[in-house]
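Asks: The opening position of the sequence shown corresponds to residue 1 in UniProt numbering, with each subsequent residue numbered one higher.
By construction, the Cβ of each residue, glycine as well, lies at the ideal position given by its N, Cα and C atoms.
Here's a structure for you.
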Amino acid sequence: MFSRIPKNTLKVASIRLPAPTPRFLVRPPPLSRPLHTTPRLAARYERFDERPSFGNFGGGSSGGGAGGGGPRGPNLWTYIKRRVGGERAVWVYGIGIGAGGVYYVAHLERVPETNRLRFIDVDEAQETELGRQTQLQTLSEYSTAVLPANHPITKRVRKIATRIIESSNLGRVKSGGEMGAVEGKVPSFGGGVEMKDIFLGGSGDGSHSIKEGKETEWEVYVIDDKKTKNAFVLPGGKIFVFTGILPVSANDDGLATVLGHEVAHQVARHPAERMSSMKVLFALGFLLETLGLDVGVSRLLLTFMLQLPNSRKNESEADFIGLRLMARACFNPSESTHMWERMSQSEGGGKGLNVDFLSTHPANAKRIKQLTQWLPEAQQIRAASPCGETAQNYGGFLDAVNPSGGVYGSSNSLW
């Protein structure tokens, strides 16, 4: 009924094939993911040696010996090399620093009147050009507030400035007729005069008013702004006085204190000194940051240790030179302390912190103390001037007729 399956067929069906073996060994995934995905680096604590091995600056290893057997930790030389990018970079930096030092020494010069040594690498032509640009901006900003050259206040300010400038042989002050109208000097008014001729005092050929062998021609501008208690002098002999400073000045001697101080900045070339010092600060900042000091920290250090102290030094120097300038012009140098007392009162009576550590200017109390110390010498300069005896007699006459100060003692007598 049923056919049989051949025996050979059954044998073939029962043959087992070998189990497949994987070509790659598959491992189970780790239970935890490693924290570091980059190759691990051996942690090192680097410190400066208490006694750096200066003999190893050539790169050789130090052998055993007294006080130094075995390997030493990384020293200052190693740290510097690692910071700047190798030994060759260190030598490049060293050559650059040496060249910078030679350049710095080559541009040192003395300040007139004080004989202070300082760094200046800005020539007078660059300084004058800066003054020209600032003058143009100032006249454009206050074009409608500049008093006419024949205004009584302008004439009085010009007279005081003329005495200070000419008594010290610093040049000549342009008269009101030479100044002309401000409208012709400001482009917004459509003046038909070349800016290079107006602002540089040229005669059509663009020549500068400040040149070697050519006297400086000073210009006086009075800006009617009673809220601004300020006055400044730009390189090239451009004097700007705001009417807000006049009540604080109170009289001719007080205003001579202000103008003498501002003119002194130009005599000492403080603007050029500030521009030059910025290059030094930039170089020092770059060096400190290269050695690993934080950018913000390096800037704070340079600001509080160099920039602000230098600015206060310039201001004190301008006080000293200005006192001598006004005394030479036969103004009363004793009024300088009274002027700064009035300035202190106008700024709040010195009720603030009255510290100069954070300021570009010395505190008023410190300025008054310094001026008081310089007064005897200034009085001698005034007495030695051609007008010294006349000025002294005139001052005695005023004290006799009005002991309380009167016209020359009140803060609002003249302005």
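DSSP state of Y142, grouped into three classes?
Replies: coil
Asks: Would you identify the three-state DSSP class for I120, choosing helix, strand or coil?
Replies: coil
Asks: Which one of L300, E377 and F320 has the shortest CA to CA distance from T114?
Replies: F320
Asks: Measure how close the beta-carbons of T360 and R312 come, nearest whole angstrom, since I'm counting them as under 8 Å.
Replies: 7 Å
Asks: Please state the DSSP three-state secondary structure of R158.
Replies: helix
Asks: Considering just the uninterrupted stretch of the alpha helix (DSSP H) at F286, what are its terminal residues?
Replies: H270 to T290
Asks: Terminal residues of the continuous beta strand (DSSP E) containing A231?
Replies: A231 to L234
Asks: Using DSSP bridges, identify the partner residues of residue 449.
Replies: What the structure shows of the chain is the stretch from 1 to 415, and residue 449 is not part of that stretch, so it cannot be assessed.
Asks: Could you check the C-alpha separation between G177 and A149 for me, to the nearest Å?
Replies: 8 Å
Asks: From the DSSP output, read off the bridge partner residues of I239.
Replies: Beta-bridge annotation (DSSP): I239 is paired with V220 and V233.
Asks: Closest by CA to S298, which one among N310, L281 and P309?
Replies: L281
Asks: What are the boundary residues of the beta strand (DSSP E) that L108 is part of?
Replies: L108 to R110
Asks: Just mark T78 as buried or exposed, buried being the case when its beta carbon has 16 or more other beta carbons within 10 Å.
Replies: buried
Asks: Could you pull out every residue in the same chain whose Cβ sits closer than 7 Å to the Cβ of A378, ignoring the five residues on either side in sequence?
Replies: L323, R324, A327 and P333
Asks: How is S334 classed by DSSP in three states: helix, strand or coil?
Replies: coil
Asks: Would you mind stating whether E141 and P235 have Cβ atoms separated by less than 8 Å?
Replies: Their beta carbons are not under 8 Å apart, which means E141 does not touch P235 by this criterion.
Asks: Pick helix, strand or coil for D319, following the three-state DSSP scheme.
Replies: helix
Asks: S221: which of Q370, R269 and I153 sits nearest, CA to CA?
Replies: Per the sequence shown, the amino acid found at residue 221 is Tyr instead of Ser. Closest option to Y221, Cα to Cα, is I153.
Asks: Under DSSP, the alpha helix (DSSP H) around Q379 begins and ends at which residues?
Replies: N364 to A384
Asks: Do the stretch 277–292 and the stretch 301–318 make contact, defined as three or more Cβ pairs closer than 8 Å?
Replies: For the pair of segments examined, the stretch 277–292 was found to touch the stretch 301–318: the number of CB pairs separated by less than 8 Å reaches three.
Asks: Have a look at L288 and G85 and give me their C-alpha separation to the nearest angstrom.
Replies: Distance from the CA of L288 to the CA of G85, rounded to the nearest whole angstrom, comes to 15 Å.
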